[in-house]
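In my numbering, the protein residues as written are 93 to 700.
In this text, a Cβ means the ideal position worked out from N, Cα and C, and glycines have one as well.
This one's a predicted model, so the numbers in the text were calculated from it and none came from an experiment.
Here's what the structure looks like:
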């Protein structure tokens, strides 16, 4: 029948008028509404009607060809769903730029083709993708990239990746800095097997050579080699004899000190742990590793593997995890061989054009003069964009055919423009940069930084800014292989020790659900860890959750007071709410205060 196409069209129409949560997931065609004896609609009879199982979940249409079946399997794997219809929209099903990158990796491996990310936004259904694959053209090109593979024995001296090399140079320039320490901590409640915990951590260090890599300099160039494996040291600090009210403050102080201890890149492990005993059935497990050995994705890999390995260790069983096919150093070798010649030049050419004429700095008003040499002292403040605002951001993203990150980025850039008076500015944003399937299970430093230019000339309507933001972001994602450090070197920027190069403000949105630490017999609660540093003037670190967009804003304490940052975040919330509610309003017309705040301020100014 024709129900599914009609359903899809009706649902699409409703989505233009209603928030996503109000759009029905199933519809039923009735010849007439059931009525009560007195002629009113019989709501109880309506509630008993069962929808047709073939027309639910947005008009489900099953795969019809072997190609559609294979594409459906890939989509289900990437989206974490049991069922996806061939007419379902990837981004409406929860897809975002990171998942899109993983989808493209799997298409490359399965079909030997390269789908540009921009094209996925244009043909975002399995049906459309299958048609294009069958025709093989219209946006596809054969993937001719050399595959990632294991390249050498662990003991060999191998080059650093470009990102590692930058951190190595920074460490030589300023040794002993905690700036690139990545902390993790969890409160463990229940009967803990300390030996099993240390054994599980040790097995992760054995599996992932990046965590036991030693860096040396030979003839002026840095090289890396893997140190032999040894049992993981896990010292225990026992605070259980302290008075109850003293334990937590003491533990917090110990944690803060622990995650700030610098690493020596020339010897020893690049991961460190300590266990703080608060009581017979309560411990704090504190870990930190150096950024040269891992990134945010690596933290999730560590937690996932720890959950599997601790369970095996307490039972005295061998590791249930398959051996890794390659190591991070293999990626470093591959990157050096691949990113040169024409490939490197085409990436550089795009970025040179994208950033041509960009002002050298974003000048936000600060509470204190900017020091001649920036320090990295920082603080954090929580921010939450939840409830109706979060729903409106997601709805705006679907309506405009973009991702929630692009909506948040456009709103953030609009705020920065209003506050600084600049119409041309840049915001940095980290990208996982794991756009090859082989890199997904590895611990290592893959993250790259993208420079996302905000062009607000002409006081555009917010909808126009969203369009510009989409173009900029998709272009940057398509050229994310160029390491940030290569870009900085190529542009020959004037070195300004008071600022970071190219951008001073950053925005990150973590879409993937946080990996919980699940240890048998224990309840694990994540603990806040703050190293007290800020890499940029300001960084908004958001994580998407069912409640909305939550996270800290990290800021340089030498520039901003807490009250200033609080006010700026309130302005962001007010501007974003107004922008997504009425995207035809120009940037200059968007309010920086909610109506309630404005009335309150007016009342304070009005004399009695």
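- Taking 8 Å as the upper bound for CB-CB distance, residue 625 and residue 468 are in contact here, some 5 Å apart.
- In this structure, DSSP gives residue 535 a state outside helix and strand, which the three-state scheme calls coil.
- Apart from the 5 residues on each side of it in sequence, residue 346 sits with its Cβ closer than 7 Å to the Cβ of 329 and 368 in its chain, given in chain order.
- DSSP places residue 607 outside any beta strand (DSSP E), giving it a letter other than H or E.
- Pairing residue 490 with residue 184 gives a Cβ-Cβ distance under 8 Å.
- DSSP links residue 367 through a beta bridge to 328 and 377.
- As the crow flies, the alpha-carbon of residue 208 is around 25 Å from that of residue 580.
- Counting only runs of 4+ residues, the alpha helix (DSSP H) found wholly inside the segment 394 to 451 occupies 420 to 430 and 433 to 447, in chain order.
- The Cβ-Cβ distance between residue 178 and residue 155 falls below 8 Å.
- By the Cβ rule, the segment 441 to 456 does not count as touching the segment 598 to 611, because fewer than three pairs are nearer than 8 Å.
- Relative to the Cα of residue 572, the nearest Cα in the group 307, 548, 528 and 591 belongs to 528.
- Under the three-state reduction of DSSP, residue 521 is assigned to strand.
- With a cut-off of 8 Å on Cβ pairs, the segment 264 to 280 is in contact with the segment 377 to 396, counting three or more such pairs.
- In the three-state reduction of the DSSP assignment, residue 582 falls in the helix class.
- A distance below 8 Å separates the beta carbons of residue 591 and residue 453.
- With 16 or more other Cβ atoms inside 10 Å of its own Cβ, residue 643 counts as buried.
- Cβ neighbours of residue 460 within its own chain (closer than 7 Å, five residues either side excluded): 650 and 651.
- Residue range 336 to 350 is occupied by the alpha helix (DSSP H) that includes residue 344.
- Taken through DSSP and simplified to helix, strand or coil, residue 388 comes out as helix.
- Each residue's CA atom was taken as its position, placing residue 612 and residue 606 some 19 Å apart.
- Taking a 10 Å sphere around the C-beta of residue 121, we find fewer than 16 other C-beta atoms and assign the residue as exposed.
- Between the alpha carbons of residue 343 and residue 211 lies a gap of roughly 51 Å.
- Classified as exposed, residue 585 has fewer than 16 neighbouring CB atoms from the shown chains inside 10 Å of its CB.
- Measuring C-alpha to C-alpha distances from residue 530 to each of 462, 417 and 508 identifies 417 as the nearest.
- Look at residue 460 here: in three-state DSSP terms it is coil, with no helix or strand label.
- Cβ contact annotation for residue 466 (same chain, cutoff 8 Å, sequence separation greater than five): 589, 590, 591, 592, 648 and 650, in chain order.
- Residue 578 counts as buried, since at least 16 other C-beta atoms from the protein chains shown sit within 10 angstroms of its C-beta.
- Contact between the segment 508 to 520 and the segment 532 to 540 is absent, with fewer than three C-beta pairs closer than 8 Å.
- In its own chain, leaving out the 5 sequence neighbours on each side, no residue places its CB closer than 6 Å to the CB of residue 604.
- With a threshold of 16 other beta carbon atoms within 10 Å, residue 373 falls short and is exposed.
- Per DSSP, the continuous alpha helix (DSSP H) segment holding residue 502 begins and ends at 496 to 512.
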